[in-house]
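Quick note on my numbering: the sequence shown kicks off at 2 and runs consecutively.
Heads up, the beta-carbon is just placed ideally off N, CA and C, and yes, glycines get one too.
Only a predicted model underlies this, so the values are computations on that prediction, with no experimental measurement involved.
Have a look at the structure below, then the notes.
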Amino acid sequence: MVAPAPAAAASVDDDAELARPFRDCAEILACPISGGRLVPSKRGFVAADGRTYAVRAGIPDLSAPVEAAPRDVTAAVKAFYEATPFPNYETGDTRDTLLAKARRSYFLRALDEQLPPDAVVLEAGCGTGQLTNFLALDPRRRVFGGDLCRNSLRLAEDFRRRQGIDNAAFLQMNLFRPPFRPGSVDVLISNGVLHHTADARGGFEALLRVVKPGGLVLLGLYNRYARLPTLGRRWVFKRSGALHFLDRRLAGGRLDEAQRQAWFRDQYQHPHETRHSMDEVLRWFDDAGVAFLSSIPPADGRAFTAAARLFDLQPRGSGVRRLAVQLGMLARGGADGGLFIMIGRKQGQ
Numbered sequence: 002m003v004a005p006a007p008a009a010a011a012s013v014d015d016d017a018e019l020a021r022p023f024r025d026c027a028e029i030l031a032c033p034i035s036g037g038r039l040v041p042s043k044r045g046f047v048a049a050d051g052r053t054y055a056v057r058a059g060i061p062d063l064s065a066p067v068e069a070a071p072r073d074v075t076a077a078v079k080a081f082y083e084a085t086p087f088p089n090y091e092t093g094d095t096r097d098t099l100l101a102k103a104r105r106s107y108f109l110r111a112l113d114e115q116l117p118p119d120a121v122v123l124e125a126g127c128g129t130g131q132l133t134n135f136l137a138l139d140p141r142r143r144v145f146g147g148d149l150c151r152n153s154l155r156l157a158e159d160f161r162r163r164q165g166i167d168n169a170a171f172l173q174m175n176l177f178r179p180p181f182r183p184g185s186v187d188v189l190i191s192n193g194v195l196h197h198t199a200d201a202r203g204g205f206e207a208l209l210r211v212v213k214p215g216g217l218v219l220l221g222l223y224n225r226y227a228r229l230p231t232l233g234r235r236w237v238f239k240r241s242g243a244l245h246f247l248d249r250r251l252a253g254g255r256l257d258e259a260q261r262q263a264w265f266r267d268q269y270q271h272p273h274e275t276r277h278s279m280d281e282v283l284r285w286f287d288d289a290g291v292a293f294l295s296s297i298p299p300a301d302g303r304a305f306t307a308a309a310r311l312f313d314l315q316p317r318g319s320g321v322r323r324l325a326v327q328l329g330m331l332a333r334g335g336a337d338g339g340l341f342i343m344i345g346r347k348q349g350q
């Protein structure tokens with residue numbers, strides 16, 4: 002944990018005090034362009050070269066453009082989520098309902114219980130910040146949620162303020178230029194995000210630079226095989242305009258109309274996605290010096306249970322076994338959109 006820094010002043014158009022992590026962890030923030038230290042002032046955050054990053058409604062805009070790739074999809078994806086933030090909050094959600102919903106998930110319960118104490122956590126691509134807010138209910142942590150879409154961040158920040166979640170902080174950022182010093186973050190989480198960029202591996206490598214040696218990395222991506230049922234339903238919905246009962250979430254009756262629309266658009270109308278395999282992400286890890294720890298589902302074919310140890314070394318299985326695991330996800334209908342999670346530890350001193 003970094004030493005507390007002097008309180009940061011809000012920008013001139015925002016009277017609200019910045020969230021606690023911006024003050025406690027001010028030393029780890031960095032200009033996304035120059036990499037130099039950011040200093041809080043009444044104008045916002047100021048870099049040594051004079052660049053100023055404004056704060057609006059308590060949310061610093063620390064985003065910076067990157068050189069557009071030939072098939073860059075940033076503008077299209079940003080516009081998509083500005084129109085339909087995902088996932089949406091339920092009417093009447095509180096910190097207690099957020100906690101209860103998260104704890105129904107074996108993964109989220111284990112994550113909350115097993116994260117290192119006093120960790121500085123970055124959720125890159127936090128959307129509406131439900132995971133960031135949930136993890137920040139533990140007062141020992143400082144949890145940053147970064148996203149490119151301001152509408153999503155506004156929902157996240159509004160919920161944080163209403164519920165008094167002091168240890169969460171939200172910022173606008175481009176994940177290819179994260180505004181943190183290299184080696185400053187204990188835990189990086191990017192769940193369901195990189196597959197919506199033009200370069201998922203490049204995004205992973207850019208984010209990895211801000212993780213400390215020995216820090217934890219959790220990546221959630223659409224699976225190459227388990228995503229196929231969703232793509233099949235997308236084809237049907239596009240041509241029929243109906244048959245939404247084919248999706249269990251849409252047919253289950255547990256979602257309100259705003260949530261139904263958000264889920265439907267995210268799963269079936271998204272402008273860009275890529276699909277990936279366990280073996281592919283293992284190559285990313287190996288090439289980048291990240292030691293594989295575990296995965297969901299487990300790479301060796303075991304069942305994922307409430308007793309899972311996310312950060313203990315687990316067998317990575319053989320190529321054949323990993324393929325069988327992923328085909329098993331396909332056979333079960335590609336639950337949760339066919340998402341799988343790979344967990345590793347950044348090596349080095």
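- DSSP lists V56 as the bridge partner or partners of P61.
- V291 has its alpha-carbon roughly 9 Å from the corresponding atom of L283.
- Within the segment 84-164, the complete alpha helix (DSSP H) runs of at least 4 residues fall at 96-104, 107-115, 131-136, 151-164.
- Going by beta carbons, G193 and G221 fall inside the 7 Å limit.
- With a threshold of 16 other beta carbon atoms within 10 Å, L314 falls short and is exposed.
- As DSSP reads the structure, H277 sits in a beta bridge with N224.
- Taking a cut-off of 8 Å for Cβ pairs, the segment 204-214 and the segment 93-104 do not touch, as fewer than three such pairs fall below it.
- Under DSSP, the beta-bridge partners assigned to L219 are I190, I344.
- A distance of 7 Å or more separates the beta carbons of A169 and L331.
- About 5 Å separates the Cβ atoms of I29 and R182, confirming a contact at the 8 Å cut-off.
- Beta-bridge partners assigned by DSSP to P41: F46.
- Nearest neighbour of A77 by Cα position, chosen from P298, S296, H197, L132, turns out to be H197.
- Nearest to A201 by C-alpha distance, out of D280, A304, F177, is F177.
- For A300, no alpha helix (DSSP H) segment is defined, and its DSSP state is neither H nor E.
- The C-beta of E18 has fewer than 16 other C-beta atoms within 10 Å across all chains shown, which makes the residue exposed.
- Taking the Cα positions, L311 is about 29 Å away from A20.
- When C-alpha distances from D267 are compared across P22, P86, C127, P66, the shortest belongs to P86.
- For Q270, the secondary structure class from DSSP, reduced to helix, strand or coil, is coil.
- In the three-state scheme derived from DSSP, where H, G and I count as helix and E and B as strand, A207 is classed as helix.
- Residue pairing of F181 in beta bridges, as defined by DSSP: L30.
- In chain order, G290, A292 place their CB closer than 6 Å to the CB of Q348, counting only its own chain and leaving out the 5 sequence neighbours on each side.
- A distance of 7 Å or more separates the beta carbons of R276 and R322.
- Using a Cβ-Cβ distance cut-off of 8 Å, the segment 113-124 and the segment 132-144 are in contact, since at least three pairs of beta carbons, one from each stretch, lie closer than that value.
- Checking the DSSP bridge columns, you'll see L172 partnered with G147.
- Contact between G37 and D50 holds: their C-beta atoms lie close to 7 Å from each other, under 8 Å.
- Residue environment: L138 is assigned as buried (16 or more neighbouring CB atoms within 10 Å of its CB, all protein chains considered).
- DSSP places P22 in the uninterrupted alpha helix (DSSP H) bounded by 21-25.
- Minimum Cα-Cα distance from E158 among the listed residues T129, L328, T95 corresponds to T129.
- Nearest in C-alpha terms to N152, of all of Y82, L195, A307, D287, is Y82.
- With fewer than 16 other CB atoms across the displayed protein chains lying within 10 angstroms of its CB, D288 is exposed.
- In the three-state DSSP reduction, F238 falls in the helix class (H, G or I).
- Rounded to the nearest angstrom, the Cβ distance from I297 to F23 is 31 Å, too far for a contact under 8 Å.
- A distance below 7 Å separates the beta carbons of L154 and D148.
- Between R163 and the set G126, D94, Y223, G338, the nearest pair of CA atoms involves D94.
- Apart from the 5 residues on each side of it in sequence, Y90 sits with its Cβ closer than 8 Å to the Cβ of T129, Q131, L156, F160 in its chain, given in chain order.
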